[in-house]
Amino acid sequence: MAAQPSNIDTDDAGPNRRGKPRLLYLSTDLTSFLSHKKPVADAAVQAGYDVIVAGSWPGPAFVPGQYEFEIVEIDWRRAPTMFAALLRVVPDILRVRRLLRVLRPDLLHNIDLKPAIIGSLAAGGLPVKIVNSINGLGFAFVDTSLLSRLVRWGCGLVLRRAQWASAAATVVQNKDDAAVLSEKLGLAVETIHVIRGSGVDPRDFDVAPIPDGPPNFLVLSRLLHIKGIHVAVEALRRVRARGTPATLTIAGAPDPGNPSSVDAATLARWSSADGVTLTGQVADVRPLIARSLAVIQPSLGGEGLPKSLLEAAAGGRALIATDVPGNREIVVDGQTGLSVPPDDAEALSAAMEAAAARPETCRKWGLAAREKAAAEFATSLICRQHLALYRRIVALDSRG
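Taken in order, the sequence shown gives residues 1 to 400; the numbers are from this note's numbering.
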């Protein structure tokens with residue numbers, strides 16, 4: 001079983017063990033971290049960092065030595081509502097601060113918005129440099145309720161304080177989010193770094209021929225309302241009603257800890273819709289990509305840079321996505337696929353019909369998307385960009 005924080009030997013937990021700077025990643029969900037950030041953590045180990053990853057883990061116990069870095073499980077329970085999450089802020093801060101006092105990292109890399117807020121507050125007054133990765137601004141920055149507006153104000157306050165107190169660097173995945181952080185939250189432009197996504201290795205994906213038969217469209221996503229999957233279901237209904245026998249495969253699972261999670265009644269309604277297949281969570285998406293004509297990303301907003309689009313591009317498939325931050329980093333209308341307005345089932349259905357009528361064009365778009373993924377979003381490039389940022393922060397610390 002992975003070591004609990006209270007079981008870590010504090011005599012061996014100090015900085016620079018074996019002469020190495022200690023890098024601690026803080027994540028609410030280790031499953032997501034291993035899916036999206038493991039290559040960066042592995043690269044940091046190879047670059048000479050003593051790497052520890054801390055977060056909650058719902059799965060079976062880790063096998064000692066399973067990863068090149070150490071895993072530390074922390075009791076970081078998710079809240080079903082934003083209000084409930086606010087009530088847990090203080091206990092979470094105290095829990096993470098105890099962790100920081102035990103592990104004494106030189107660098108703290110907080111992965112996603114909640115760890116960025118909790119980790120930055122917990123690190124107050126401690127000798128640790130901070131990197132905050134905001135992997136998409138998410139529900140709180142799309143929702144228009146008073147509570148969400150207050151949360152946005154609080155996020156800006158905390159991130160600015162971290163920037164002032166510990167020279168924190170903030171990493172975002174697209175230029176639109178960088179503009180929001182600087183213009184609306186008041187972060188200094190020079191502290192914001194754009195590293196586009198988690199990366200993908202096209203060598204892991206074969207480009208399969210476009211399948212014969214009725215066109216199949218694929219959505220790879222957590223089942224959240226903000227992901228716009230209901231728009232894709234309605235778009236398919238319109239496509240089929242107009243005579244194109246298209247199908248829609250939806251791969252992913254609900255996220256009960258997210259206020260935007262799709263409820264069971266809605267899932268049942270989607271499952272019963274003509275032409276719609278829900279697969280649940282899928283470990284290997286490559287066979288699904290190979291069986292599709294195009295991959296749809298119908299998000300309403302709040303994206304960083306969807307990994308589903310990078311994987312679809314690596315698999316040589318055309319991309320149909322909403323024109324929102326993150327999606328537009330890789331979806332170039334008429335070159336790598338088609339861009340449509342968010343929350344517009346008619347526009348999405350028209351794009352699906354256009355793709356179904358031109359499979360050869362879809363094939364060309366898919367190859368162009370693969371070339372773009374290899375040139376601009378390769379895992380090796382993303383890792384190098386992270387390591388360059390770490391080196392810069394360590395160098396600033398050594399001069400200070």
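Quick reminder that beta carbons are idealized off the backbone N, C-alpha and C, glycines included.
Note the first and the last residue of the continuous alpha helix (DSSP H) segment covering His230.
The residue given as residue 230 occupies position 230 in the sequence shown. Where His230 is concerned, the enclosing alpha helix (DSSP H) stretches over Ile229 to Ala241.
First and last residue of the alpha helix (DSSP H) that includes Thr266?
Against the sequence shown, residue 266 aligns to sequence position 266. Start and end: Ala264 to Ser271.
Can you give the Cα-Cα distance for Gly417 and Leu309, rounded to whole angstroms?
Lying before the first or after the last residue shown, residue 417 is absent from the chain, which here runs from 1 to 400.
What is the DSSP secondary structure of Leu126, counted as helix, strand or coil?
Counted from its first residue, the sequence shown places residue 126 at position 126. Of the three classes helix, strand and coil, the one that applies to Leu126 here is coil, per DSSP.
Is the CB-CB distance between Asp323 and Pro342 below 8 Å?
Here the question's residue 323 lines up with position 323 in the sequence shown. Here the question's residue 342 lines up with position 342 in the sequence shown. Yes, these two residues count as a Cβ contact at 8 Å.
Ala162: buried (16+ other C-beta within 10 angstroms of its C-beta) or exposed?
Residue mapping note: residue 162 aligns to position 162 of the sequence shown, counting from 1. It counts as buried.
Which residue marks the beginning of the beta strand (DSSP E) containing His109, and which one marks its end?
On the sequence shown, residue 109 is found 109 positions in, with the first residue counted as 1. Residue range Leu107 to Ile111 is occupied by the beta strand (DSSP E) that includes His109.
Looking at Asn132 and Leu159, is the spacing between their C-beta atoms short of 8 Å?
Counting from one through the sequence shown, the residue named residue 159 turns up at place 159. Counting from one through the sequence shown, the residue named residue 132 turns up at place 132. Result yes, Cβ atoms of Leu159 and Asn132 sit closer than 8 Å.
In this structure, does DSSP put Arg22 in helix, strand or coil?
Locating residue 22 in the sequence shown gives position 22, counting from the first residue. Looking at Arg22 - three-state DSSP - the assignment turns out to be strand.
So, using beta-carbon positions, are Leu355 and Leu288 closer together than 8 Å?
As a first step, residue 355 must be located in the sequence shown, where it is residue number 355. As a first step, residue 288 must be located in the sequence shown, where it is residue number 288. In the sequence on display, residue 355 carries Ala and not Leu. With a cutoff of 8 Å on beta-carbon distance, Ala355 and Leu288 are scored as not near each other.
According to the Cβ coordinates, are Phe205 and Arg286 closer than 8 Å?
Counting from one through the sequence shown, the residue named residue 205 turns up at place 205. Counting from one through the sequence shown, the residue named residue 286 turns up at place 286. Their beta carbons are under 8 Å apart, which means Phe205 touches Arg286 by this criterion.
Do Pro202 and Ala314 come within 8 Å of each other at the CB atom, strictly closer than that value?
Along the sequence shown, read from residue 1 onward, the residue named residue 314 stands at position 314. Along the sequence shown, read from residue 1 onward, the residue named residue 202 stands at position 202. Judged by beta-carbon spacing, Pro202 lies within the 8 Å limit of Ala314, meaning their Cβ atoms are closer than that value.
Can you tell me whether Leu94 is buried or exposed? The criterion is at least 16 other CB atoms within 10 Å of its CB, across all chains shown.
Locating residue 94 in the sequence shown gives position 94, counting from the first residue. So Leu94 ends up on the exposed side.
Between Ala273 and Pro211, what straight-line distance do the alpha-carbon atoms span, to the nearest angstrom?
To locate residue 273, count along the sequence shown from 1; it is residue 273. To locate residue 211, count along the sequence shown from 1; it is residue 211. Approximately 23 Å, taken between the alpha carbons.
Closest by CA to Leu224, which one among Asp263, Ala321 and Leu108?
Working through the sequence shown from its first residue, we reach residue 224 at position 224. The option with the nearest alpha carbon to Leu224 is Asp263.
Could you check where the alpha helix (DSSP H) with Ile330 kicks off and where it finishes?
Looking up residue 330 in the sequence shown gives position 330. For Ile330, no alpha helix (DSSP H) encloses it, and the DSSP letter there is neither H nor E.
What separation, rounded to the nearest whole angstrom, lies between the Cα atoms of Thr28 and Arg242?
Looking up residue 28 in the sequence shown gives position 28. Looking up residue 242 in the sequence shown gives position 242. For the pair Thr28 and Arg242, the Cα-to-Cα distance works out to about 44 Å.
Could you pull the DSSP bridge partners for Glu353 from this structure?
On the sequence shown, position 353 is the one that residue 353 refers to. Per the DSSP secondary-structure output, Glu353 pairs with nothing in a beta bridge.
Neighbourhood of Asp176 by C-beta distance below 7 Å, restricted to the same chain and skipping five residues each side
Residue 176 sits at position 176 when you count from the first residue of the sequence shown. Within the same chain, Pro325 come within 7 Å of Asp176 by CB-CB distance, once the 5 residues on both sides are set aside.
Please determine if the stretch 344-353 and the stretch 380-395 are in contact, where contact requires at least 3 C-beta pairs separated by less than 8 Å.
Touching, no, given that fewer than three Cβ pairs across the two stretches are closer than 8 Å.
Along the chain, where does the beta strand (DSSP E) that runs through Glu70 open and close?
Residue mapping note: residue 70 aligns to position 70 of the sequence shown, counting from 1. Looking at the DSSP string, the run of the beta strand (DSSP E) that includes Glu70 is Glu70 to Glu73.
Threshold first: 3 residues or longer. Then list the beta strand (DSSP E) segments lying entirely within the stretch 272-320, N to C.
Taking only runs of at least 3 residues, the beta strand (DSSP E) segments lying wholly in the stretch 272-320 are 276-280 and 294-297.
Per-residue DSSP class, three states only, for Phe205:
Residue mapping note: residue 205 aligns to position 205 of the sequence shown, counting from 1. Residue state, collapsed to three classes: coil.
State the Cα-Cα distance for the pair Asp42 and Asp106, rounded to the nearest angstrom.
By 1-based counting over the sequence shown, the position of residue 42 is 42. By 1-based counting over the sequence shown, the position of residue 106 is 106. Spanning the two alpha carbons is a distance of roughly 17 Å.
If you draw a straight line from the C-alpha of Ile118 to the C-alpha of Ile111, how long is it?
The residue you call residue 118 lines up with position 118 of the sequence shown. The residue you call residue 111 lines up with position 111 of the sequence shown. A direct Cα-to-Cα measurement between Ile118 and Ile111 gives close to 11 Å.
Let me know if Gly280 comes out buried or exposed under the rule of 16 or more other beta-carbons within 10 Å of its beta-carbon.
Walking along the sequence shown from the start, residue 280 turns up at place 280. With fewer than 16 other CB atoms across the displayed protein chains lying within 10 angstroms of its CB, Gly280 is exposed.
Per DSSP, which residues does Asn135 bridge with? Please list them.
The count along the sequence shown starts at 1 and reaches residue 135 at position 135. In the DSSP assignment, Asn135 is bridged to no other residue.
Gly228 to Ile296, Cα distance in whole Å?
On the sequence shown, position 228 is the one that residue 228 refers to. On the sequence shown, position 296 is the one that residue 296 refers to. Here the alpha carbons of Ile296 and Gly228 stand approximately 10 Å from one another.
Cβ shell of Val189 (< 6 Å), same chain only, five flanking positions each side left out
For the purposes of this step, residue 189 is taken as the residue at position 189 of the sequence shown. So the qualifying residues of the chain are Ser182.
Under a three-way DSSP split, which group does Thr10 fall into?
As a position in the sequence shown, residue 10 is number 10, starting the count at 1. At Thr10, the pLDDT of 36 sits below 50, so the modelled position is not reliable and the matter cannot be decided from this model.
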